[in-house]
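Protein chains in written order, with this note's numbering: chain L, 1 to 77; chain A, 78 to 614.
Yeah, the Cβ is synthetic: ideal placement off N, Cα and C, and Gly gets one too.
As the structure is a prediction and not an experimental result, all values here were calculated from the model.
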Amino acid sequence: MTPLHHIGNFVRETLLLIPLGVVRILFVGILALLLIWVLQLPKSETTQPTGSGRWYDNLKIGASIALLIQIVIYSVL
Amino acid sequence: MNGQLATLDYIVLCVYLGGILALGLSLGRKIRTGTDFFLAGRSLPWWAISMSLVATDIGGTDIIGVGGAAYSHGMAVGNFEWIGCVPAMIVASFIFIPLFYRLGIYTIPEFMERRYNAFVRSALAACWLAFMACNLGIMLFASAKMMSVLFGWDQATCIWATAILVGIYTCAGGLAAVVYTDMIQCVVMIGGCLLVLVIGLIDIGGVGELKNRLREIEAKQAIAAAQETGAALPDQQMDPDAKIEHASLILPVDTKSPFPWTGILFGLAFILSPAYWIGNQAIVQRSLGAKSEFEAKQAYIWGAVLKNIIPIIIAVPGLIAFVKYPELADGDQAFPMLVSQLLPTGIRGLFLAAFLAALMSSVDSYLNSASTILSHDLYKRFLNPAATDERLLIVGRTTTVALVCWAIMFAFLVMDMKEGIYTMFQTLMAFFQGPALAILLPGIFWKRANGIGAGAGFVCGVLFSISLYALNQPLIYETLGLQPLFQVADPFLYFSVWAFLLALGVLVVVSLLTKPEPEEKLAAIFDRHKNTKEPTA
Chain L
1 MTPLHHIGNF VRETLLLIPL GVVRILFVGI LALLLIWVLQ LPKSETTQPT GSGRWYDNLK
61 IGASIALLIQ IVIYSVL
Chain A
78 MNGQLATLDY IVLCVYLGGI LALGLSLGRK IRTGTDFFLA GRSLPWWAIS MSLVATDIGG
138 TDIIGVGGAA YSHGMAVGNF EWIGCVPAMI VASFIFIPLF YRLGIYTIPE FMERRYNAFV
198 RSALAACWLA FMACNLGIML FASAKMMSVL FGWDQATCIW ATAILVGIYT CAGGLAAVVY
258 TDMIQCVVMI GGCLLVLVIG LIDIGGVGEL KNRLREIEAK QAIAAAQETG AALPDQQMDP
318 DAKIEHASLI LPVDTKSPFP WTGILFGLAF ILSPAYWIGN QAIVQRSLGA KSEFEAKQAY
378 IWGAVLKNII PIIIAVPGLI AFVKYPELAD GDQAFPMLVS QLLPTGIRGL FLAAFLAALM
438 SSVDSYLNSA STILSHDLYK RFLNPAATDE RLLIVGRTTT VALVCWAIMF AFLVMDMKEG
498 IYTMFQTLMA FFQGPALAIL LPGIFWKRAN GIGAGAGFVC GVLFSISLYA LNQPLIYETL
558 GLQPLFQVAD PFLYFSVWAF LLALGVLVVV SLLTKPEPEE KLAAIFDRHK NTKEPTA
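This is how it looks when you write it as structure tokens:
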């Protein structure tokens, strides 16, 4: 056994202790945090500089749709 | 499915291929300069780039392979298109793509020289070029092999025909042809796979019935396994509300599948996915050709929305095949089996068009990007720094032709090699993607990172991941009297994590021990990130 094997086994055994329910919360939590970050971005970062009012020019809408779908998927599957 | 294509199928196929070729050639007539060829004259709309991003990411072999992996290992393979794409695309769109666009770069290695030095640029360019050039041949061969199995076509003819067809329109129209043909290919690919999904679900009796039958098969397999080993039957197999592993995305660390949650989260979502969507030249290049910085960002965002449907149309058919034909010897037969059994004449031609669309959209992108790296990071950087834009157009087209020839030659070369070479090249990409991300991130967020640290980190990271790979090979660990280092079948997700961490550690230590980069060099990256809105060539 090399030191790499010992490190690997330790990490593996530690991670095995985490219940899958907690892992699911971790996956969904990361996606939720990302969604919050997107929603807090300044308007200048998420809309056309020319001020177009079209819905698809609002990047917060697109990013939120993508992340909400992900949150639903990882909550259910 | 061999020999089951009818005249109507061939007509559908010919119409599709003829249309793609005509579009590519017509776009080629507008190409005047190198910028037109490599970045489509920075004129691409966001919607075309969005679809091109999705099409490029799904190759012909992926359609069969992802469906096959879903058949063998379940829905967890969908992680590669969901958490393995969407979050990274969104982060890339708001942080990285705007920076690259404003800098006016052509390639990611070019950014590395502006931030670090020529060695880092050359090392990364060499890795990407070697990977892309070989992968072109691999994609041609793997797809020809599949077409030969599915339709009984001659492998050599498939390789020649695909390479020449893609080569003609990529050489003529450059990035614009790649992106606009990808757009059509994306629609055809999604449409073709959607048909297989819908017809398959109708045939099986709907989503509820699919879940019921998955549960039944898993219960039977658990009983058979328990009887074989003499172990007690796990309680959860009797519970009608228990999770169906074949339909689960999150699998335990000790799963028999190659996709435990640790590899998916730490290896895929945190390392390989950002490295791919931020650092893969074939992906990033099309956003650099956008009309504006905003449209470059917009393309990534709406591409992420579109990405959400891909596992549904590619992986779920694998599950349908699993309940319909649970005794298949090879998971890769799942998708073709559904196509041959369920699709009517004419529609089978549409699926073949979808398969070719997926193949061509990846080959053309890698072809164009490899040509861009050769022209900019080799020819213009080292051989002819004073090359004009018109000269670069000639070089770009010449290198595209040369790469097509190389790809054909390499495809015939790998025909004689052992199976599993496709997996080997995916593993090769994992060798340098982790270290590449480890030097890219500090280059953008940490001013103290310098060229010596980045060079040392990259080299150490690549060597470390190669060592990890070696220590997991039976010949090596048995000779050394060791256990295998990893306990999953294809541990490339784990290589990338450890190589990333080591490369980052080396970069930090070496950078702190050596001189920082000059302030004026850093200002070009960090101040531009804050202030400039227009790209500079």
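- Interface annotation, P3 (chain L): not in contact with chain A, CB-CB separation never under 9 Å.
- Residue contact with chain A for I65 (chain L): present (Cβ-Cβ distance below 9 Å to some residue of chain A).
- The beta-carbon of I73 (chain L) is placed less than 9 Å from the nearest beta-carbon of chain A.
- Neighbours of G62 (chain L) in chain A, taken as residues at a C-beta separation under 7 Å, are given in chain order as I378, W379, V382.
- Here L328 (chain A) carries a coil assignment [DSSP, helix/strand/coil].
- Scanning A:S452, A:L405, A:C263 for the CA closest to the CA of R468 (chain A) turns up A:S452.
- As a beta-bridge residue in DSSP terms, L121 (chain A) pairs with A:A367.
- Apart from sequence neighbours up to five positions away, the residues of its chain that approach L271 (chain A) with a beta-carbon distance below 8 Å are I390, ordered along the chain.
- Annotation for Y257 (chain A): L100, L104, A125 place their beta carbon closer than 7 Å to its own, counting only its chain and skipping 5 residues before and after.
- For K107 (chain A), the secondary structure class from DSSP, reduced to helix, strand or coil, is coil.
- Closer than 8 Å at the C-beta level to chain L, one finds these residues of the segment 338 to 354 of chain A: W338, T339, L342, A346.
- With respect to L349 (chain A), Q510 (chain A) sits close: the two C-beta atoms are nearer than 9 Å.
- Assignment of T2 (chain L) by DSSP, reduced to helix, strand and coil, places it in the coil class.
- By the neighbour-count criterion, in which 16 or more other beta carbons inside 10 Å mark a residue as buried, P421 (chain A) falls on the exposed side.
- Here DSSP, grouped into helix, strand and coil, assigns G283 (chain A) to coil.
- In the DSSP assignment, C482 (chain A) falls within the unbroken alpha helix (DSSP H) covering 466 to 492.
- Classified as exposed, H6 (chain L) has fewer than 16 neighbouring CB atoms from the shown chains inside 10 Å of its CB.
- No Cβ of chain A is located within less than 9 Å of the beta carbon of I36 (chain L).
- Counted as a single uninterrupted DSSP element, the alpha helix (DSSP H) harbouring N445 (chain A) occupies residues 424 to 450.
- Here the segment 370 to 380 of chain A makes no contact with the segment 248 to 266 of chain A; the two share fewer than three CB pairs at distances below 8 Å.
- For the set A:R458, A:I386, A:S438, A:Y456, the Cα lying nearest the Cα of G155 (chain A) is the one of A:I386.
- Within the same chain, Cβ atoms closer than 7 Å to the Cβ of A376 (chain A) are found at W123, I126, S127, L130, S364, A367, the five residues on either side in sequence being excluded.
- Counting along the chain, M152 (chain A) sits inside no alpha helix (DSSP H), nor does DSSP assign it H or E at all.
- One finds nothing in chain A with a Cβ atom closer than 8 Å to the Cβ of G53 (chain L); even the nearest lies about 14 Å away.
- By the C-beta criterion, the segment 141 to 158 of chain A is judged to be in contact with the segment 328 to 346 of chain A, since at least 3 inter-stretch pairs fall below 8 Å.
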